Amino acid sequence: MFVLREAFLVLRLLANPRLWPSIFRTLTTVLRHVFRSGFQPGEGPSGAGAARGSRRARLAALITHYRRFRLGRWTWHRGRLVESTFVPPFPSRAFDRALESVLSGQLDKPMFVHLAVTSACPAGCGHCSLRGRTAANLPTAKWVDVIAQLNGLGVSTIALTGGEPATRDDLPQLVQAAHDGGAAVQLFTSGIGLTAARIGELQEAGLGAIGVSLDHTCAAVVDQQRCWPGAFDAAVAALRHARRTGMYTFINAVADRASVISDEPRRLLELASRLGIDELRLLEPVPCGGLIEHPDRLLQPEHVAELRRLHHENNRRRRGPKLLAISEIESREMHGCVAGSLHLFVDPRGDVCPCDFVPWSFGNVLHTPLEAIWRNMRRVLGTPRTECLSRLLGQNPASDRPKQPLGCSPDAAPPSLESLPGNTLPGFYGQVMAAFGLSGTRGIGNLCKRG
Ligand code: SF4
């Protein structure tokens, strides 16, 4: 049934001749890597040795990987297909960039970049990951320059976040700069201050997806969490406005321990379904920012297992919102942790960190070209790893309490890498690299240890 549905979507795409050149470009990229010569078997960790070297095996591996590692399901949005917020829309330049980076085995382009374009925010959430960082608001020209540098590096997806990015009057200009340079553009917002007219303006500028934070289905709880009366209504109104534009719309929800125990993710899914939302993203709390003081909100293995189960259970359905549980996506069997290898975060002051939840600055865009910072970060952190870097560096495995070596601010001393294990490639990257003849892990903590 899934195959039929996907075949129908492909036919729908092909019915639009204006998309043929883009589809042809993507197909060429795939075939070039499947049929490339000079193939050198790699030392991928997946044990897929039998698949190495043969073009037929590479093609088979692609199909198997597609089915096994698919995150959501394809849906139609304004003339293009979207699998989930973790894959750029197809066809698009952003999609081709991600595909090229993975199939070439280079994994050398930042795939997901989050830009906290302001620290200003009307809300005051206790779990805000920005807590502890210096408040700042870089000028428009600087952010446009950063975005141009990212597009120059071949970024796939740029998400604008904060603080509350909607507090910036120049937000459409930033969206436009990201979109015109070829990236897929997303917005993470609380919905506060986001009117229908403003959303329309952002869509015109090239915004592809809008994610509204909503951690609970009870209005009073959300208002209290955000310290903003009316926060729940603002979030729901923003979701409704975005739906009306036909834009890909998703809910960002932090699924903390109490939420999982009380079955709140299911209620959020029902709410998303009633609102006609495309995706519910369930974020796992990480010991960083405001959550450093609340280890009781972090998940235990049984809660993680429950979220992963929900992810699978929901995505077997053919209708309704997709459910993307970060606990599943960032598991060692799937995509693992891509902090500093495929993901980076630029904070409101311009400090470039491996992830929103790893306040470890590798440089500041005000003083250093982004490419130099990115290269250094990759030299140190290398390829994707099986474990969350934030937890590896910040959580004391002997207890529930974070040991806080990172502090909350990038001004703190860089963490010691002595205890950082070398990288093992997570399932997806390990298998793709093995099948496409690449050589397993690179860089990483190992490199730091060697000095
Ligand atoms: S450090 Fe890695 S796994 Fe942890 S939240 Fe960041 S990207 Fe995800």
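Residue 4 is where the sequence shown starts when you use our numbering, and the numbers rise one by one after that. Backbone N, C-alpha and C fix where the C-beta goes; we use that ideal spot for every residue, glycine too. Remember, it's a predicted structure, so these values are computed and weren't measured experimentally.
Heavy atom of the ligand SF4 within 8 Å of residue i beta-carbon
| i | result |
| --- | --- |
| V341 | yes |
| S393 | yes |
| V361 | yes |
| C124 | no |
| I264 | no |
| E336 | no |
| V289 | yes |
| E333 | yes |
| C131 | no |
| H314 | no |
| P357 | yes |
| I295 | no |
| I213 | no |
| I202 | no |
| I329 | yes |
| H346 | yes |
Assigned exposure category for residue i - 16 Cβ within 10 Å defines buried
| i | result |
| --- | --- |
| P304 | exposed |
| P142 | exposed |
| S265 | exposed |
| W79 | exposed |
| N154 | buried |
| L7 | exposed |
| A10 | exposed |
| L16 | buried |
| L34 | exposed |
| T121 | buried |
| A138 | exposed |
| T31 | exposed |
| F27 | exposed |
| L14 | exposed |
| A375 | exposed |
| V252 | According to the sequence displayed, residue 252 carries Thr and not Val. By the 10 Å Cβ count, T252 comes out buried. |
| G108 | buried |
| D354 | buried |
| R254 | Here the sequence assigns Ile to residue 254, which means Arg is not the residue at that position. The residue in question, I254, is buried, as its Cβ has 16 or more Cβ neighbours within 10 Å. |
| Q43 | With a pLDDT of only 44 at Q43, under the threshold of 50, the placement of this residue in the model should not be trusted; the figure read from the coordinates follows. By the neighbour-count rule (16 or more Cβ atoms within 10 Å), Q43 is not buried but exposed. |
| A401 | Note that A401 scores 40 on pLDDT, short of 50, meaning its location in the model is unreliable; the coordinates nonetheless yield the value given after this. Exposed, by the Cβ-count rule. |
| L301 | buried |
| A234 | buried |
Through-space distance from residue j to residue i, alpha-carbon basis
| i | j | result |
| --- | --- | --- |
| L62 | A238 | 44 Å |
| W23 | P94 | 9 Å |
| L12 | H68 | 20 Å |
| I280 | H182 | 23 Å |
| S330 | E204 | 34 Å |
| G45 | A438 | The predicted position of G45 is uncertain, since its pLDDT is 40 and thus under 50; a value taken from the coordinates is nonetheless stated next. For G45 and A438, the distance between alpha carbons rounds to 8 Å. |
| R277 | L392 | 36 Å |
| A64 | P429 | 16 Å |
| A245 | N19 | 25 Å |
| S216 | R58 | 44 Å |
| A223 | V90 | 34 Å |
| P288 | R260 | 9 Å |
| I195 | A241 | 8 Å |
| S193 | R335 | 30 Å |
| P298 | H130 | 11 Å |
| G318 | F72 | According to the sequence as given, residue 318 is Asn; it is not Gly. About 12 Å. |
| A162 | L286 | 15 Å |
| A169 | A60 | 48 Å |
| L106 | I332 | 19 Å |
| N426 | P372 | 27 Å |
| C221 | L326 | 20 Å |
| V257 | D218 | 6 Å |
| A275 | R243 | 11 Å |
| R247 | P324 | 16 Å |
| R445 | H346 | Model confidence at R445 stands at a pLDDT of 49, short of 50, so the residue's coordinates are unreliable; what they give is reported in the following sentence. Each residue's Cα considered, the two are about 16 Å apart. |
| E296 | D226 | 21 Å |
| G75 | H314 | 9 Å |
For residue j and residue i, believed in contact at Cβ under 8 Å, the rounded distance
| i | j | result |
| --- | --- | --- |
| G136 | R394 | Checking the sequence shown, residue 136 turns out to be Arg, not Gly. Contact doesn't hold; Cβ gap of about 19 Å is too wide. |
| L210 | V158 | Their Cβ separation, rounded to whole angstroms, is 16 Å, which puts L210 and V158 out of contact at 8 Å. |
| L283 | L272 | 5 Å |
| R381 | G343 | 7 Å |
| G292 | S132 | 4 Å |
| G249 | R81 | 5 Å |
| F191 | H338 | Rounded, the Cβ-Cβ distance is 19 Å, inconsistent with contact. |
| V349 | V149 | 6 Å |
| E86 | A126 | About 30 Å; that fails the 8 Å criterion. |
| A186 | A151 | In fact, because the Cβ distance is near 11 Å, the residues do not count as touching under 8 Å. |
Cβ of residue i within 9 Å of any chain D Cβ
| i | result |
| --- | --- |
| L34 | Of the chains in the structure shown, none is chain D; there is only one protein chain. |
heavy atom of the ligand FAD below 8 Å from residue i C-beta
| i | result |
| --- | --- |
| N379 | Looking at this structure, you won't find the ligand FAD anywhere; what it does contain is the ligand SF4. |
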